[in-house]
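All remarks here apply to the structure that follows.
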Amino acid sequence: MLALAIEARGLCKTYRGWFRSTGHEALVDLDLAIASGAAFGLIGPNGAGKTTFIKALLGVLRPTRGLVRVLGQSPDDPATRARIGYLPERLHLPASFTPLRFLEGVARLKGLSDISHEARHALTRVGLAGDASRRIGGFSKGMRQRLGLAAALLGKPLLLILDEPTDGVDPMGRVEIRTILAEERARGATLFLNSHLLSETERICDRIGILAGGRLVREGPLEALSGSDTRHRLRFAPGSDPEALRAAGLTPTPDPDVFLADTPDPLTLNTLLDRARATGALLVELRPDLRDLEQVLTDALTPPPSSRRSP
1 MLALAIEARG LCKTYRGWFR STGHEALVDL DLAIASGAAF GLIGPNGAGK TTFIKALLGV
61 LRPTRGLVRV LGQSPDDPAT RARIGYLPER LHLPASFTPL RFLEGVARLK GLSDISHEAR
121 HALTRVGLAG DASRRIGGFS KGMRQRLGLA AALLGKPLLL ILDEPTDGVD PMGRVEIRTI
181 LAEERARGAT LFLNSHLLSE TERICDRIGI LAGGRLVREG PLEALSGSDT RHRLRFAPGS
241 DPEALRAAGL TPTPDPDVFL ADTPDPLTLN TLLDRARATG ALLVELRPDL RDLEQVLTDA
301 LTPPPSSRRS P
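Here UniProt numbering is used: the first residue of the sequence shown is 1, the next is one more, and so on.
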């Protein structure tokens with residue numbers, strides 16, 4: 001059995017209202033297990049409970065009931081917190097400091113030995129080595145985000161909790177951050193990502209959890225949530241005979257050159273392809289029929305027709 005980097009069982013958090021009213025349930029019976037070394041993305045609408053869950057992981061708030069473990073220990077354990085790198089969504093940095101001075105302070109708080117070397121190495125990794133002596137107050141949002149990531153990376157943490165890590169970062173910077181996170185994962189670190197940038201979540205994470213109303217409504221491997229193992233999308237060169245392809249067993253789509261194939265195994269898929277080629281069609285693309293993460297999220301948050309009220 002793989003060791004767990006994050007474990008939650010029956011986790012609940014209720015924010016009490018005024019005069020002991022019922023209050024607001026931010027987390028409701030949340031069960032989640034994230035293996036060490038995984039790259040997990042938590043997504044959901046505003047107010048879903050994502051920030052509350054992160055605070056529970058960091059030991060900032062206590063659950064109303066239930067269990068939460070981080071790296072096998074309580075989030076309240078100082079030794080456990082020291083092995084976590086955290087990048088908050090609302091990053092507050094001292095404007096009068098230089099990046100080097102700021103990171104040296106963080107490294108000192110983390111108890112690192114070679115403070116100056118660690119700080120300079122982190123700045124180099126995030127592309128800020130040339131700005132080490134500038135004041136943070138003059139930094140753009142993207143530069144501040146890079147600096148926050150550098151602080152999270154100090155000390156080679158076993159768990160990286162990243163809240164909107166690429167927010168405000170330009171496209172090339174996002175590529176660089178994804179490269180850094182891939183390096184961290186190759187080192188053995190676990191990634192826990194919370195982001196509204198769903199395309200970035202798709203590129204970084206291989207497991208996804210969808211939180212809505214404090215409940216985990218979907219969770220699993222990205223491919224399992226995004227589509228079916230048995231459905232493929234086929235694109236043919238223009239000029240193919242749509243009726244002949246339909247007769248061969250393919251399902252048409254709004255694009256006249258694209259068809260869907262539902263097959264239980266590779267042998268059946270190849271048989272279907274042979275029939276399509278026999279019509280004279282030229283196959284130019286074959287890929288799994290996967291939805292993007294935005295579609296997955298929309299589907300998860302849309303109630304089934306039977307549960308909708310009639311007008």
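Glycine included, C-beta positions come from ideal geometry on N, C-alpha and C.
- Query: So what's MET1 in DSSP terms, helix, strand or just coil?
  - Reply: Locating residue 1 in the sequence shown gives position 1, counting from the first residue. Confidence in MET1 is poor, its pLDDT being 41 and thus under 50, which makes the residue's placement unreliable; the coordinate value appears in the next sentence. If DSSP states are grouped into helix, strand and coil, MET1 belongs with coil.
- Query: Which whole-angstrom value is the C-beta distance of GLU7 and ARG69, which I expect to be below 8 Å?
  - Reply: Numbered from its first residue, the sequence shown carries residue 7 at position 7. Numbered from its first residue, the sequence shown carries residue 69 at position 69. The pair is a contact, with the Cβ atoms about 4 Å apart (cut-off 8 Å).
- Length at least 4, wholly inside the region 104 to 189: the alpha helix (DSSP H) runs in chain order: The region 104 to 189 is shown to contain whole alpha helix (DSSP H) runs of 4 or more residues at 115 to 125, 141 to 153 and 171 to 187, in chain order.
- Contiguous alpha helix (DSSP H) assignments of at least 4 residues, all confined to the region 212 to 259: Counting whole runs of 4 or more residues, the region 212 to 259 contains the alpha helix (DSSP H) stretches 222 to 226 and 242 to 247.
- Task: Indicate whether the contact test is met: 3 or more Cβ pairs, each with one atom in the region 241 to 251 and one in the region 275 to 282, closer than 8 Å.
- Result: yes
- Query: How many Å lie between GLY249 and ASP289 at the Cα?
  - Reply: Within the sequence shown, numbered from 1, the residue matching residue 249 stands at position 249. Within the sequence shown, numbered from 1, the residue matching residue 289 stands at position 289. If I take the Cα positions, the gap works out to 16 Å.
- Item | Helix, strand or coil at ALA35 according to DSSP, with G and I counted as helix | Residue numbering aside, residue 35 sits at position 35 when the sequence shown is read from its first letter. Three-state result, ALA35: strand.
- Query: Between VAL258, THR201, ASP29 and THR179, which lies nearest to VAL167 when the distance is taken from Cα to Cα?
  - Reply: Counted from its first residue, the sequence shown places residue 167 at position 167. The identity of residue 167 in the sequence shown is Asp, whereas the question assumes Val. Of the candidates VAL258, THR201, ASP29 and THR179, the one whose C-alpha sits nearest the C-alpha of ASP167 is THR201.
- Message: Classify ASP292: buried if its beta carbon has 16 or more other beta carbons within 10 angstroms, exposed otherwise.
- Response: By 1-based counting over the sequence shown, the position of residue 292 is 292. With fewer than 16 Cβ atoms within 10 Å of its Cβ, ASP292 is classed as exposed.
- Item | From HIS24, ARG9, THR52 and ARG174, residue whose alpha carbon lies closest to that of ASP31 | For this step, residue 31 is matched to residue 31 along the sequence shown. Looking at the Cα atoms, ARG9 is the closest of the given residues.
- Do you know offhand how far LEU197's Cα is from GLY280's? The count along the sequence shown starts at 1 and reaches residue 197 at position 197. The count along the sequence shown starts at 1 and reaches residue 280 at position 280. The straight-line gap from Cα to Cα measures roughly 42 Å.
- Message: Please state whether the Cβ-Cβ distance between GLY142 and ASP170 is less than 7 Å.
- Response: In the sequence shown, the residue the question calls residue 142 occupies position 142. In the sequence shown, the residue the question calls residue 170 occupies position 170. Contact flag set, yes.
- Please name the residue or residues paired with GLY85 in a DSSP beta bridge. In the sequence shown, the residue the question calls residue 85 occupies position 85. For GLY85, which the question treats as bridged, DSSP gives the partners LEU160.
- Task: Alpha carbon to alpha carbon, how far is ARG233 from ALA3? Give it in angstroms, no decimals.
- Result: Looking up residue 3 in the sequence shown gives position 3. Looking up residue 233 in the sequence shown gives position 233. Approximately 37 Å between the Cα atoms of the pair.
- C-alpha gap between LEU301 and VAL217, whole angstroms: Taking the first residue of the sequence shown as 1, we reach residue 301 at position 301. Taking the first residue of the sequence shown as 1, we reach residue 217 at position 217. C-alpha separation (whole angstroms): 8 Å.
- Message: Let me check understanding here. Comparing Cα to Cα, which of PRO88, GLY66, LEU87 and LEU61 lies closest to ASP76?
- Response: The residue given as residue 76 occupies position 76 in the sequence shown. Per the Cα distances, LEU61.
- Message: Beta-carbon within less than 8 Å of ARG146's beta-carbon, same chain only, minus the 5 sequence neighbours each way: which residues are those?
- Response: Taking the sequence shown and counting its residues from 1, one reaches residue 146 at position 146. Contacts found: VAL126, GLY127, LEU128, VAL169, GLY173 and ILE177.
- Message: If you follow the beta strand (DSSP E) that LEU283 is in, where does it begin and where does it stop?
- Response: Reading the sequence shown from its first residue, position 283 is the one you call residue 283. Element bounds for LEU283: 283 to 290.
- Message: In this structure, how does DSSP classify ARG275 when only helix, strand and coil are distinguished?
- Response: Indexing the sequence shown from 1 puts residue 275 at position 275. Helix.
- Task: On a CA-only basis, which of HIS117, LYS55, LEU149 and ALA122 is nearest LEU93? Give me that one, please.
- Result: The residue you call residue 93 lines up with position 93 of the sequence shown. For the residues HIS117, LYS55, LEU149 and ALA122, the minimum Cα distance to LEU93 belongs to LEU149.
- Message: When you compare the region 204 to 223 with the region 48 to 55, are there three or more beta-carbon pairs, one atom per stretch, that lie closer than 8 Å?
- Response: yes
- Among residues of its own chain, excluding the 5 on either side of PRO63, which ones have a beta-carbon nearer than 8 Å to its beta-carbon? One-based indexing of the sequence shown puts residue 63 at position 63. The residues are LEU11, CYS12, LYS13, LEU27 and ALA56.
- Helix or strand or just coil, what does DSSP make of PHE97? Indexing the sequence shown from 1 puts residue 97 at position 97. It is coil, neither helix nor strand.
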